[in-house]
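Written out below as structure tokens is the structure these notes cover.
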Amino acid sequence: MESTRSFSDKIFLVLKGLGMGAANKVPGVSGGVVAFVAGFYEEFIYSLKKVNGKAFKLLINGRFKSFYNYINGRFLGLLFSGMIISYFSISKILDYLILHYELYVWSVFFGMIIGSIYYINKDFNDWNRNTILSLILGICLGLGISFLSPAKENDNLLFVFFCGIISVSGMTLPGFSGSFILILLGNYVLLLVDSVNALYDTISDIFSGNFNFIYNETRLRMLQVLAVFTLGSVTGLVTFSHVLSYILKHYKSITTASIIGFIIGSLGVVWPWKKTIYKHLNNGEFMLDSRGEKIIENYKRYIPELSTETYYAIGFIILGLAIVIGLEIYGQKQKRHA
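Per UniProt numbering, the sequence shown starts with residue 1, numbered consecutively.
Written as structure tokens, this is what we have:
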């Protein structure tokens, strides 16, 4: 696999990792959709499947090169490098854009998800009673998740480990937004904002020679939470990859139909025209998180009136659709030149 991958392919793989990382950070968007549309979903799943007992045996015995080759290390390394870079760069930009241009950002994502539905469906011809039923169940499950109300924040380490397992499913299951699930579980800010910021601040302190953070109980607790969340994510990533590789091998048509349905159902989460509803205290004031920001309770979706802003939003939906089509055209060209 690696011998056929050119330098430009490797650069694009890092960029795809950037896309997956950014998508995983945004509630309602799935990194798995990026993998599916960009054409490396199955290689991603089967590479993760290689992280098994045999791989750990190679690692423990010091056979690092064999371990690296066995798990398709260059592919995973480039992809995860992009994801890590994304978490400290592109995801920050996305946070800013969502804060100041929320409607247009959601419009682009809405268009991209519509494009991904077209992309996955265009080559799928195995429609029968079972796949149609799987499609309907996927749509219902996606819609059901879209309209659930979030729970309260919970930093219990067992629950944090569970959150890690669940949230990472967005990387392996297209249409399933791990970050949105974290909102529903009440831990989005804790795990994807506060703990990540604590790590960033700690790294900055270490490089500046300031080690006073070891006396900061709140910082240490956030680092502990992040470590447990990361452990849960790795566990979930490997576990889901084994399950999905088996399902893709034995029930590919049903799985694909379910994914299409789930992505269709997830359109409710990224519908651009929605008002954010925040949680209130009994005295009518807003509930605030650890950063002093209002806690999201849910979204109220509505049909927009025709206006200049609406036309711009529709334009951004078309842009999102064009991005996916552009990726598809690029993928087809790569296949022809392979």
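For glycine and all other residues, C-beta sits at the position ideal for the given N, C-alpha and C.
Q. Does the beta-carbon distance from G134 to S258 come in below 8 Å?
A. Here residue 134 turns out to be Ser, not Gly, going by the sequence shown. Yes, these two residues count as a Cβ contact at 8 Å.
Q) Assuming F229 contacts L191 under a Cβ cut-off of 8 Å, what Cβ separation, rounded to an integer in Å, is found between them? A) 5 Å
Q) How many Å lie between Y312 and L103 at the Cα? A) 9 Å
Q | Residue from G39, A22, P304 with nearest C-alpha to D123 | A | G39
Q.
Within the continuous alpha helix (DSSP H) that includes I277, where are the two ends?
A. Per DSSP, I277 belongs to no alpha helix (DSSP H); it is in the beta strand (DSSP E), 274–278.
Q: Give the DSSP bridge partners of R301, in chain order.
A: K274
Q: Report the rounded CA-to-CA distance for S158 versus L148, giving the unit in angstroms.
A: Checking the sequence shown, residue 158 turns out to be Leu, not Ser. C-alpha separation (whole angstroms): 23 Å.
Q.
Under DSSP, the alpha helix (DSSP H) around S86 begins and ends at which residues?
A. 73–87
(Q) I need the DSSP call for F211, collapsed to helix, strand or coil. (A) coil
Q: Output the boundary residues of the alpha helix (DSSP H) element that contains N121.
A: 102–122
**Q.** For G40, three-class secondary structure by DSSP
**A.** A small correction: the amino acid at residue 40 is Phe; Gly does not occupy that position in the sequence shown. In the structure shown, F40 sits in coil (DSSP, three-state: anything other than H, G, I, E or B).
Q | Nearest neighbour of S195, chosen from A227, G73, F36 [CA to CA] | A | A227
Q: Between the Cα of N41 and those of L79, N69, R221, A22, spot the shortest distance and give me the residue it belongs to.
A: The question names Asn, but residue 41 is Tyr in the sequence shown. The shortest Cα separation from Y41 among L79, N69, R221, A22 belongs to L79.
Q) Exposed or buried, which one is Y60 when buried takes at least 16 other CB atoms within 10 Å? A) In the sequence under discussion, the amino acid at residue 60 is Ile, which differs from the Tyr named in the question. Exposed, by the Cβ-count rule.
Q: Throw me the rounded Cβ distance for the V108 and L237 pair, which I believe falls under 8 Å.
A: So it is not a contact: roughly 27 Å between Cβ atoms.
Q: Consider the Cβ of E305: report whether some Cβ of chain E lies at a distance smaller than 8 Å.
A: In summary, chain E is missing from the structure at hand, where a single protein chain is found.
Q. In angstroms, rounded to a whole number, what distance separates the CA positions of I317 and A35?
A. 20 Å
Q. Pick from G17, S266, W271, V270: whose alpha carbon is nearest that of G142?
A. S266
(Q) Could you tell me the alpha carbon to alpha carbon distance between I71 and T276, rounded to whole angstroms? (A) 43 Å
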